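**Q** For the sequence shown, position 78 (counting from the first letter as 1) is numbered 69 according to this note's numbering, and the numbering increases by one without interruption.
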Amino acid sequence: MDADQRLPLLADNARWLVVNKPAGIAAIPARDESPEQSLRHRLQTQLGCPLWVVHRLDRDTSGVMIFARDADAHRALNLAFQHGKVGKSYLAWTLGVPDPEQGRIEVPLHTARKGKMRPAAKGEAGAIQARTDYALEQRWRLDHAWIGRLRCLPRTGRQHQIRVHLRSRDCPILQDALYGMVTLKAPYDQLPISRLALHAAAVEVPAVLDVPAQRVEAPLPADLVELEAYLEAR
């Protein structure tokens, strides 16, 4: 995304806003990055006011992301996330489809090396509970395997939760360099998607201070629209 291009706001009020985050931009800068490269800095520059990060999306994930406009809203939204009052809905395009096609994945997670997470062993110390509901919405046959589009509802908010959970069901997200196939072979290497095929499709923000509850949805970005058009044409 061009650094001069305005970031699209999906909702905005006196307490918080929701931006349609493009893939490829970090919510906050990594240690080796300039602050000017972060989503928060670009939004603050665009709007001319300070913003508070409420939650994060992985760099290559697109879609809905909430920022608070003041410290009170930041505290209230953080509490809402901690108590599971914020509903989140993701779309994931996967290599393979889960069996069963709809269900719940309850696989505890544990930290691993190099910023990764992994499924925890039974009774392992330091494991954290993680729960994801999912449903297969669409599937496409490509050569000898299925490509699926799954609706994922994370009931806990662990790092890389959806990515690890889907990998544990043998249906990794397309172009997931951390948890998927390192090298895709033909015809899968021809898919018109070069980043993690994960999109934060919707968020249900509860009533916060003087702002009523609201559901906010993010349209699919161009690369995911192109991916589905490619699959439909096969």
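Don't be surprised by glycine CBs; every beta carbon is placed ideally from N, CA and C.
Predicted, not measured: the structure shown is a model, and the values here were computed from it.
Is it true that the CB of residue 88 sits closer than 8 Å to the CB of residue 144?
**A** No; because the gap between Cβ atoms is not below 8 Å, this pair is not in contact.
**Q** Which whole-angstrom value is the C-beta distance of residue 55 and residue 1, which I expect to be below 8 Å?
**A** The Cβ separation is near 6 Å, so the contact holds.
**Q** Under a Cβ-count criterion, where at least 16 other Cβ atoms within 10 Å of its own Cβ denotes burial, should residue 53 be classed as buried or exposed?
**A** Buried, because 16 or more other Cβ atoms sit within 10 Å of the Cβ of residue 53.
**Q** Are the beta-carbon atoms of residue 230 and residue 84 separated by less than 8 Å?
**A** Here the chain comprises residues numbered -8 to 225, so residue 230 is not present and cannot be evaluated.
**Q** What do you reckon, are the CB atoms on residue 68 and residue 57 nearer than 8 Å?
**A** For residue 68 and residue 57, yes; Cβs fall inside 8 Å.
**Q** What residue from 188, 182, 181 has the CA that sits closest to residue 170's CA?
**A** Among 188, 182, 181, the Cα nearest to that of residue 170 belongs to 188.
**Q** Could you give the residue range of the alpha helix (DSSP H) that holds residue 153?
**A** Residues 152 to 159.
**Q** If you compare alpha carbons, which of 109, 125, 20 is closest to residue 149?
**A** It is 109.
**Q** What separation, rounded to the nearest whole angstrom, lies between the Cα atoms of residue 115 and residue -2?
**A** The alpha-carbon atoms of residue 115 and residue -2 are separated by roughly 43 Å.
**Q** Alpha carbon to alpha carbon, how far is residue 215 from residue 296? Give it in angstroms, no decimals.
**A** There is simply no residue 296 to check, as the chain begins at -8 and stops at 225 in what is shown.
**Q** Rounded to whole angstroms, what's the CA-CA distance from residue 137 to residue 86? Just pull it up for me.
**A** Roughly 6 Å separates the two Cα atoms.
**Q** Quick one: what's got a C-beta closer than 7 Å to residue 33's C-beta in the same chain, skipping five residues either side?
**A** So the qualifying residues of the chain are -2.
**Q** Are the beta-carbon atoms belonging to residue 202 and residue 77 less than 8 Å from one another?
**A** Not a contact, by the Cβ cut-off of 8 Å.
**Q** Could you say which of 38, 48, 41 lies nearest to residue 17 if we only look at CA atoms?
**A** The shortest C-alpha separation from residue 17 is found at 48.
**Q** Check for me: the alpha helix (DSSP H) holding residue 63 runs from which residue to which?
**A** Start and end: 62 to 73.
**Q** Which class does residue 201 belong to by DSSP, given the choice of helix, strand or coil?
**A** Coil at residue 201, not helix or strand.
**Q** Run the proximity test for residue 115: is its beta-carbon closer than 7 Å to any non-hydrogen atom belonging to the ligand HEM?
**A** The ligand HEM is absent from the structure shown, which contains no ligands of any kind.
**Q** Please confirm if residue 215 has its CB atom under 8 Å from at least one CB of chain C.
**A** Absent from the structure: chain C. Only one protein chain is present.
**Q** Which whole-angstrom value describes the C-beta separation of residue 212 and residue 13, a residue pair presumed to lie in contact below a C-beta threshold of 8 Å?
**A** Going by Cβ atoms, the distance from residue 212 to residue 13 rounds to 7 Å, so yes, they are a contact pair.
**Q** If we call anything under 8 Å between Cβ atoms a contact, is residue 82 one with residue 142?
**A** For residue 82 and residue 142, yes; Cβs fall inside 8 Å.
**Q** Please determine, among 64, 72, 156, 4, the residue with the shortest C-alpha to C-alpha distance to residue 125.
**A** Among 64, 72, 156, 4, the Cα nearest to that of residue 125 is on 156.
**Q** Output the boundary residues of the beta strand (DSSP E) element that contains residue 30.
**A** Counting along the chain, residue 30 falls outside any beta strand (DSSP E), though it belongs to the alpha helix (DSSP H) covering 30 to 38.
**Q** Confirm, please, whether the CB-CB distance from residue 152 to residue 118 is below 8 Å.
**A** No, the pair does not count as a contact, with Cβ atoms beyond the cut-off.
**Q** Less than 8 Å separating the beta-carbons of residue 43 and residue 65?
**A** Contact: yes.
**Q** Check each candidate in 159, 79, 197 and name the one with the smallest Cα separation from residue 112.
**A** Measuring from the Cα of residue 112, the nearest candidate turns out to be 159.
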